[in-house]
DNA sequence: CACGCCTCCTGTGCGC
DNA sequence: TGCGCACAGGAGGCGT
C-alpha cells in the first residue's frame, strides 16, 4: 500500500536518524523466497550513509565508495528501530548502538545495493517518470504521453512511466477529482491538465497527513498516517459520491480494484 | 516497443 | 467452528 506519500513520510522520519551513520553489520533472510529481495546487501557493511532521497516509491540512500542503497517497501514493508518479530526480513546495525529492522510480511519489498545511478537491475527505477511534486512534472509532456498511449488511463498511471509514485489509492482519488473515467483511453489536453493538477493536489494533501493507513501501513515511529478518513473514492464503493450523491461503483481493471463515480467520471 | 495478463507473497475477511 | 477462496497490491516476466 505504500505509495509516494507513505514513502515520503517514512523517508522524512528515517533521514535524520540515518544521515551520517555508519553501518557496522547487516543481516537478511538467508533463504529469501523472492530471489531479488536482497541483492548485494552485504556491501553496506562499513559504509556511511550520506542521507536519504526518494524517487517515486523508491528510497535512495547514497553511501560512500560510490554506492547506493535502494529501498522499496513493496506492499507491506516498514522500518522500525530495535524492533523484532517473525516478519523482520533484514536488519542493519548502526554506529549509534541501534539497529534498523526491515519488516515485510508479504515480501514484496526490496533492499538492493548498486553503484550510484546504475539501475539496470531495477528497471522500474530506470524507467521511472517525473516526480509529480517537482517542476519535472510538466503538464504538456504529461498530456502528450497520455495521448500517445492506447492503455486505459488508470493502468497507465500505475505503470509509473508518465508520473512516478501514483499507486492504486491515489490513482482512484486523482481520477475522481479530475472527473475522468478510469477506463478512458482518450484523455484530451484539457482533461490531462486537470489530471495533472489533481495528482499534485491529492499527493501533496496526503503527505501533509503523513500518508494513508488503510490496514497496516506504519511509519518509523509506529504511528499511522491520517489521510484515510479524507479518501473520497478508494475503498468507498457503495457510498454516495460527495459531488453528486450517486453511489460509487467498484470494478476490476487490470486486476486492480478500482472505485469511481459512474455519474461524474465520464469517458 | 507496448500492451495486457499472470505471478510472486501472506494475512485477512468473507461465505457456506 | 472450520474450511476454502477471493482479495489486497508494486513490480517483474512473458506472450502476443
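In our numbering, the protein residues as written are 1 to 267. Glycine is no exception: its CB is placed at the ideal position from the N, C-alpha and C atoms.
### Span of the beta strand (DSSP E) around residue 237
Per DSSP, residue 237 belongs to no beta strand (DSSP E) and is neither H nor E.
### Task
Would you check if the stretch 136-143 and the stretch 102-118 touch, i.e. whether three or more CB-CB distances between them fall below 8 Å?
The stretch 136-143 and the stretch 102-118 do not touch, with fewer than three beta-carbon pairs separated by less than 8 Å.
#### Entry: Inter-residue Cα distance where the pair is residue 22 and residue 216
Rounded to the nearest whole angstrom, the C-alpha separation of residue 22 and residue 216 is 30 Å.
### Message
Could you tell me the alpha carbon to alpha carbon distance between residue 192 and residue 157, rounded to whole angstroms?
### Response
In a straight line, the C-alpha of residue 192 is about 12 Å away from that of residue 157.
### Query
Mind checking residue 7: buried by the 16 CB within 10 Å criterion, or exposed?
Residue 7 comes out buried.
#### Entry: Helix, strand or coil at residue 10 [DSSP, three-state]
Helix.
### Task
Could you name the residues of the same chain whose beta carbon sits closer than 7 Å to that of residue 133, not counting the 5 residues immediately before and after it, in chain order?
Cβ within range, chain order: 200, 203 and 204.
#### Entry: Through-space distance from residue 209 to residue 53, alpha-carbon basis
Distance from the CA atom of residue 53 to the CA atom of residue 209, rounded to whole angstroms, is 20 Å.
### Residue closest to residue 11, alpha-carbon to alpha-carbon, out of 44, 70, 170 and 36
For the residues 44, 70, 170 and 36, the minimum Cα distance to residue 11 belongs to 70.
### Task
Quickly, what does DSSP pair residue 151 with across the bridge? List them, please.
The secondary-structure analysis by DSSP pairs residue 151 with nothing; it has no beta-bridge partner.
### Task
Mind checking who residue 53 pairs with in its DSSP beta bridge?
In the DSSP secondary-structure assignment, residue 53 is bridged to 60.
### Message
I'd like to know whether the C-beta atoms of residue 2 and residue 50 end up nearer to each other than 8 Å.
### Response
It is not a contact, given that the beta carbons lie outside the stated cut-off.
### Task
Throw me the rounded Cβ distance for the residue 94 and residue 79 pair, which I believe falls under 8 Å.
The beta carbons of residue 94 and residue 79 sit about 12 Å from each other, so the pair does not count as a contact at 8 Å.
### Query
Does DSSP put residue 48 in a helix, a strand or coil?
Reduced to three states, the DSSP call for residue 48 is strand.
### Query
When burial is assigned at 16 or more other CB atoms within 10 Å of the CB, is residue 172 buried or exposed?
The residue is buried, with at least 16 neighbouring Cβ atoms inside 10 Å.
### Task
Write down the C-beta distance between residue 63 and residue 44 rounded to the nearest angstrom, noting that I regard them as a contact closer than 8 Å.
The Cβ separation is near 7 Å, so the contact holds.
### Task
Starting from the Cα of residue 170, find the closest Cα among 224, 108, 251 and 260 and give me that residue.
Checked all of 224, 108, 251 and 260; the closest Cα to residue 170 is 260.
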